[in-house]
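So the sequence shown is numbered by the working numbering: it starts at 242 and just counts up by one.
Note that the Cβ used here is the ideal one computed from N, Cα and C, for glycine as well.
Computed from a predicted structure; not experimentally measured.
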Amino acid sequence: MNVTIGEELDQFRRSFPECVIVSLADLSTGMVLAASTRSEQPQEVLDALCGEAVRAIARGDTALVARLFGASDSATPTTRILISSDDLRCFVAAEPPHQEALCMVFDSEVALISATIAANEFLSSLESDT
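This is how it looks when you write it as structure tokens:
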């Protein structure tokens, strides 16, 4: 039986009880490809989360900041974490040339290392399927 990306995202989200939303985004188009949410969310919320991922990872200023800190021109950060009083957002991009990213929202502290490792494994499994 083939598992859909939506089902894989459901399984991913359930493995982190603090995870409210996980979505798969295409950074090149700014589109949400699939999502799993703890409770129903309007499309506008998912679109805004995808827009945050594009701004956090895909824009040229991310590479500029990396260079300012001594990274090579080819080095682009693939993980960004945004913390607010309301939630914690983690964006993990696939390795280039792939353009997908996982966008995650957590409602409380989470084991970020475990979440980012799991996100990288998820994205790698997508790459191997293509």
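The three-state secondary structure of Ala-335, taken from DSSP, is coil. Excluding its 5 nearest sequence neighbours in each direction, Leu-250 has C-beta neighbours in its own chain below 7 Å: Val-263, Leu-265, Ala-275, Ala-276 and Ser-277, listed in chain order.
Looking at the backbone, the Cα of Glu-336 and that of Arg-296 are separated by about 17 Å.
Beta-bridge pairing by DSSP links Ala-266 to Val-273 and Ala-342.
Nearest to Leu-290 by alpha-carbon distance, out of Phe-253, Pro-258, Asp-328 and Ser-256, is Asp-328.
Measuring C-alpha to C-alpha distances from Phe-253 to each of Asn-243, Ser-269 and Arg-279 identifies Arg-279 as the nearest.
Counting other Cβ atoms within 10 Å of its Cβ, Arg-330 reaches 16 or more and is therefore classed as buried. Between Glu-259 and Ser-349, the beta carbon gap of about 5 Å places them in contact (Cβ cut-off 8 Å). According to DSSP, Leu-329 shares a beta bridge with Ile-324 and Phe-347. Rounded to whole angstroms, the Cβ separation of Ile-298 and Ala-334 is 5 Å, and the two are in contact under 8 Å.
In the DSSP assignment, the residues bridged to Cys-260 are Phe-347.
In this structure, the straight-line span from the alpha carbon of Ser-366 to that of Phe-347 is close to 23 Å.
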